[in-house]
Amino acid sequence: MLSQILGIARNTLVESLRQPIFFVMVLICGLLQWLNTASAAYSMGYSTTAEVSGDDKLLLDIGMGTIFLFGTLLAAFQATAVISREIVDKTVLTVVAKPVARPTIVLGKFVGVSGAILMAVIVMITFLLFGIRHEVMTNASDDFDMPVVVFSGCAIAVSFAIALFGNFFYGWSFPQVAMTAMFPLVPAAYVATLFFNKEWEVQPIGTDFKPAVLVACVALAMAVLVLTAIATAVSTRLGQVMTIVVCAGVFVIGLLSNHLLGRVAFENEFIAIIDSAEPRESRYAEFRSPQASYDIGFVTFPEDTLEPGMSIWYGPSPTGIAMAVPDFEPFEGDPDDPRVIGDDSTPPAVIIAEASGRSAVFQQAGGQPLAVQRPPREGDYVFLKPTRVNPIAVAAWSVVPNMHYFWLLDAVTQNRAIPAEHLVRVGMYSALQIGVFLSLAVILFQRRDVG
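Mapping of the sequence shown onto this note's numbering: position 310 corresponds to residue 310, and the numbering continues sequentially without gaps.
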């Protein structure tokens, strides 16, 4: 089965690369990335410690959006070209008539299309990295980054020259050869560019390298693979136009899923955002001991008046998702009475021991500590009630691919570290989504009449 999948994948990859629209869209994306360096100047310039700041924030935003859009279109075009069109033209019969299972055909087609899409996305990402290195041309007097112009231009020119030579003398497919040549040459040209500054002076390779931008682009590539799986499933039953419509719809709904579904899946309202959190005693730093307390500072004044004795919850999300404090019975009693606070008959809770303006004290109450996941920390949202879960909305929210998980632009521009754990979770999420949609593709193709 593995050899059959690889054989089908290889033929699908070659067929995808031979499509003129594939090569044209990659070039258009590269042209737009180049034009973005001139069109993204909105005088937002100010210095920060982030990898991308000022006008270049908009350049990165537009550039990643361009890759996302073209990746979605390529996924729809290529999936229909190698599945839907073959079904309509009856060419898939040559494979089905052999001892090849239909799931094998679907998996082979997906692997081949994904390989072609990844090649295109890597080239498009490299064009974006060229643009980030070049930076926005805010003024007409700004000079071009000549290493970027020379190396990127040479990579494209050499790719075209190889494709023209092969097409003229050997009859090779021009789009296939050009795309195959650009795949290694364009990234190699970017690496060569990193060795020189704008004045052609030699510099360490890491001077202009943006690792956080690259990590964000890797997450974006995962999103495109999810959309490729969706296009594969849809193209087993629908034609090219409807496949593009469905992919575009999933793309838009995925971007709006937090607003349409997420905000009703978990219902809660935060009253404040924590600006600082320090334990009153170092031995209570874990906040899991009876009567442990934390001094809390808020970013702004809480929306509701806080009073001692109020039960409190906190977590990393403004909607109350993944609350760090489990549900508990609301505290009742006098918070100033140590006999109530430490009595074994008092149910465990997290309460406000003191409150004044933009500061408060969170305290564990009860003879037994409440099993909090972690102590409060900077950036946490504070709530006065536990989160109410809507199971129907949660189920719908879980099924629809949430494109916000793959969009790490804000972390890059706000100079927030992207943990490796988060990237692993994004990879697991994309793998699960791909598995679900490929299973749907197998189900839809299993009973499809191809005769």
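Glycine included, C-beta positions come from ideal geometry on N, C-alpha and C. None of these values were measured; they are calculated from a predicted model.
- request: For the alpha helix (DSSP H) containing Phe68, list its first residue and its last residue.
  value: Asp55 to Ala79
- prompt: What is the DSSP secondary structure of Trp313, reduced to helix, strand or coil?
  reply: Trp313 falls in the strand class under three-state DSSP.
Euclidean distance between Cα positions of Tyr407 and Leu128: Note on identity: in this sequence residue 407 is Trp, with Tyr being the wrong assignment. Roughly 15 angstroms between the two C-alpha positions.
- request: Label Val372 either buried or exposed according to how many other C-beta atoms from any shown protein chain fall within 10 Å of its C-beta, with 16 as the threshold for buried.
  value: buried
- prompt: What residue does the alpha helix (DSSP H) around Ser159 start on, and which one ends it?
  reply: Met146 to Tyr170
query: What do you get for Pro401, buried or exposed, if any count of 16 or more other CB atoms within 10 angstroms of its CB means buried?
result: buried
Cα-Cα separation, Pro279 to Val424: 32 angstroms
query: Taking the Cβ atom as the reference point for each residue, do Asn268 and Lys385 lie within a distance shorter than 8 angstroms?
result: Going by C-beta atoms, Asn268 is nearer than 8 angstroms to Lys385.
query: To which residues of the same chain is Gly166 closer than 7 angstroms at the C-beta, ignoring the five residues directly before and after it?
result: Trp172 and Val177
field: Residue interval of the alpha helix (DSSP H) (run including Val442)
entry: Ala420 to Gln446
- prompt: Do Ala9 and Gly108 have their C-beta atoms within less than 8 angstroms of each other?
  reply: yes
field: Exposed unless 16 or more other CB atoms sit within 10 angstroms - verdict on Pro326
entry: exposed
- prompt: In terms of alpha-carbon separation, which member of Val95, Glu51 and Pro316 lies closest to Ala216?
  reply: Glu51
message: Quick check on this structure: which residue in Phe328, Val389 and Val106 has the alpha carbon closest to the alpha carbon of Gly320?
response: Val389
- request: Please specify which runs of the beta strand (DSSP E), each continuous and at least 3 residues long, are wholly inside the region 226-291, giving them in chain order.
  value: 272-279
- prompt: For Arg388, does the three-state DSSP call read helix, strand or coil?
  reply: Here Arg388 sits in strand by DSSP.
field: Distance between Gly427 and Val113 (C-alpha atoms, nearest Å)
entry: 19 angstroms
- prompt: Quick one: is the Cβ of Glu332 within less than 7 angstroms of any heavy atom of the ligand GDP?
  reply: Only the bare structure without any ligand can be found here, which leaves the ligand GDP out of the picture.
Cutoff 7 angstroms; reference Ala322; Cβ partners in own chain excluding five residues on either side: Gly315 and Pro316
query: Can you tell which of Ser152, Asp208, Thr12 and Asp143 has the C-alpha that lies nearest to the C-alpha of Glu86?
result: Closest option to Glu86, Cα to Cα, is Thr12.
query: Between Ala212 and Ile418, is the Cβ-Cβ spacing less than 8 angstroms?
result: It is a contact, given that the beta carbons lie within the stated cut-off.
- prompt: How should Phe70 be labelled, buried or exposed, when 16 other C-beta atoms within 10 angstroms of its C-beta is the threshold for buried?
  reply: buried
task: Give me whichever residues DSSP pairs with Phe110 in a beta bridge.
output: Bridge partners of Phe110: none, in fact.
task: For Thr94, count neighbouring C-beta atoms within 10 Å of its own C-beta (all shown protein chains included) and say buried if the count is 16 or more, exposed if not.
output: With fewer than 16 Cβ atoms within 10 Å of its Cβ, Thr94 is classed as exposed.
task: Sort Leu164, Phe362 and Ala219 by Cα distance to Met64 and report the nearest one.
output: Ala219
query: For Gly262, is the classification buried or exposed, using 16 other Cβ atoms within 10 angstroms of its Cβ as the cut-off for buried?
result: Under the 10 Å beta carbon count, Gly262 is surrounded by 16 or more other beta carbons and is classified as buried.
query: In three-state DSSP terms, what is Gln363?
result: strand
task: Use the C-beta contact count for Lys98: other C-beta atoms within 10 angstroms, 16 or more gives buried, fewer gives exposed.
output: exposed
- prompt: Is the number of C-beta pairs between the region 235-251 and the region 354-372 that are closer than 8 angstroms three or more?
  reply: no
Where the beta strand (DSSP E) containing Ile83 begins and where it ends: Premise fails: Ile83 is in no beta strand (DSSP E) and is neither H nor E.
task: Could you tell me how far apart the beta carbons of Asp208 and Leu227 are, in whole angstroms, since I believe they sit closer than 8 angstroms?
output: Their Cβ separation, rounded to whole angstroms, is 31 angstroms, which puts Asp208 and Leu227 out of contact at 8 angstroms.
message: I'd like the list of long-range same chain contacts for Ile351, defined as Cβ closer than 7 angstroms, with 5 residues on each side in sequence excluded.
response: Gly309, Met310, Ser311, Ile312, Phe331, Pro335, Gln363 and Ala365
Paired residues, beta bridge with Glu354 - DSSP: Val361
field: Cα-Cα separation between Phe174 and Glu421, rounded to whole angstroms
entry: C-alpha separation (whole angstroms): 42 angstroms.
Three-state secondary structure (DSSP) of Ile5: helix
- prompt: Mind checking Phe168: buried by the 16 CB within 10 Å criterion, or exposed?
  reply: exposed
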